[in-house]
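Reviewing the structure listed below.
In this note's numbering, the protein residues as written are 251 to 460.
Next comes the structure, spelled out in structure tokens:
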């Protein structure tokens, strides 16, 4: 991959990662609920989902989602239901005394947060179709594909880790300002609304050409 092509892809990665979406909401929610050190595990799960999506595109399976309405809709509605589940959990999250360790909040175990982040990313079929449309534009067809996909995957993951660190850290800073149960309840319900909004947007997604 030529350096000029990589730089263009690098800029595109920042634009994609900074665009608010379900991943950003999940990172902020984890930062709010568990603090930065614990909440950042969600971002690692997001990257595992992203890596799987890139592998799917590299293997050509992404074309199936672009052409099969059934496959596309199965994954889409799984994503909708999972985001609604996260909205429900956030809505019913109980306020916690700031003197308590944030890591003691329920569902704050690292592997649980990693799996949560993984599901958020992997259950978005539009992301696979989007990458299927975008990634090939940066490929040099005269060179082996696998090393180029590896470079793009590494670039996307590093950029997204930085961006999600910002989202998680910002929410964790907000956590320190939430002293009263009422403030925490308002924030939890605001994030529940964001998850529900992300689910609503995913409901509206249609397969290209459908």
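In this text, a Cβ means the ideal position worked out from N, Cα and C, and glycines have one as well.
Contact set for residue i: own chain, Cβ-Cβ below 6 angstroms, skip 5 residues either direction
i, result
"residue 291", "360, 363 and 364"
"residue 254", "none"
"residue 304", "403"
"residue 269", "none"
"residue 299", "368, 371 and 372"
Inter-residue spacing [alpha-carbon to alpha-carbon] between residue i and residue j
i, j, result
"residue 322", "residue 396", "25 angstroms"
"residue 414", "residue 293", "6 angstroms"
"residue 353", "residue 283", "Because the pLDDT of residue 353 is 44, which lies under 50, any placement of that residue in the model is unreliable, and the question is left without a value."
"residue 466", "residue 437", "Lying before the first or after the last residue shown, residue 466 is absent from the chain, which here runs from 251 to 460."
"residue 419", "residue 384", "29 angstroms"
"residue 263", "residue 433", "35 angstroms"
"residue 252", "residue 393", "11 angstroms"
"residue 409", "residue 267", "7 angstroms"
"residue 463", "residue 424", "Absent from the model: residue 463. The displayed extent of the chain is 251 to 460, so no value can be given."
"residue 319", "residue 451", "18 angstroms"
"residue 417", "residue 411", "10 angstroms"
"residue 281", "residue 422", "5 angstroms"
"residue 386", "residue 370", "24 angstroms"
"residue 368", "residue 295", "4 angstroms"
"residue 444", "residue 431", "20 angstroms"
"residue 310", "residue 435", "45 angstroms"
"residue 257", "residue 271", "24 angstroms"
"residue 439", "residue 279", "11 angstroms"
"residue 453", "residue 265", "23 angstroms"
Other residues of its chain near residue i: CB distance less than 7 angstroms, five sequence neighbours each side excluded
i, result
"residue 449", "330, 333, 334 and 337"
"residue 373", "325, 328, 329 and 332"
"residue 446", "334 and 337"
Cβ distance (whole Å) where residue i is taken to contact residue j below 8 angstroms
i, j, result
"residue 441", "residue 340", "5 angstroms"
"residue 388", "residue 259", "5 angstroms"
Nonlocal neighbours in the same chain, by C-beta distance under 8 angstroms from residue i, ignoring five residues either side
i, result
"residue 301", "403 and 407"
"residue 350", "For residue 350, the predicted model reports a pLDDT of 46, less than 50, meaning its position is unreliable and no value from the coordinates is stated."
"residue 398", "251, 388, 389 and 390"
"residue 467", "Beyond the ends of the chain as shown, which are 251 and 460, falls residue 467; an answer cannot be given."
Any C-beta of chain B under 9 angstroms from that of residue i
i, result
"residue 454", "Within the model displayed, chain B is absent; a lone protein chain is all it includes."
- Query: Would you say the segment 274 to 287 touches the segment 326 to 343, given that touching needs at least three Cβ pairs under 8 angstroms?
  - Reply: Yes, the segment 274 to 287 touches the segment 326 to 343.
- Enumerate, from N- to C-terminal direction, the unbroken beta strand (DSSP E) stretches of 3 or more residues contained entirely within the segment 352 to 425. Counting only runs of at least 3 residues, the segment 352 to 425 fully encloses no beta strand (DSSP E) element at all.
- Query: Is the number of C-beta pairs between the segment 398 to 411 and the segment 277 to 288 that are closer than 8 angstroms three or more?
  - Reply: Touching, no, given that fewer than three Cβ pairs across the two stretches are closer than 8 angstroms.
- Ranges of the alpha helix (DSSP H) found wholly within the segment 257 to 311, counting only runs of at least 4: Here the runs fully enclosed are 272 to 289 and 291 to 308.
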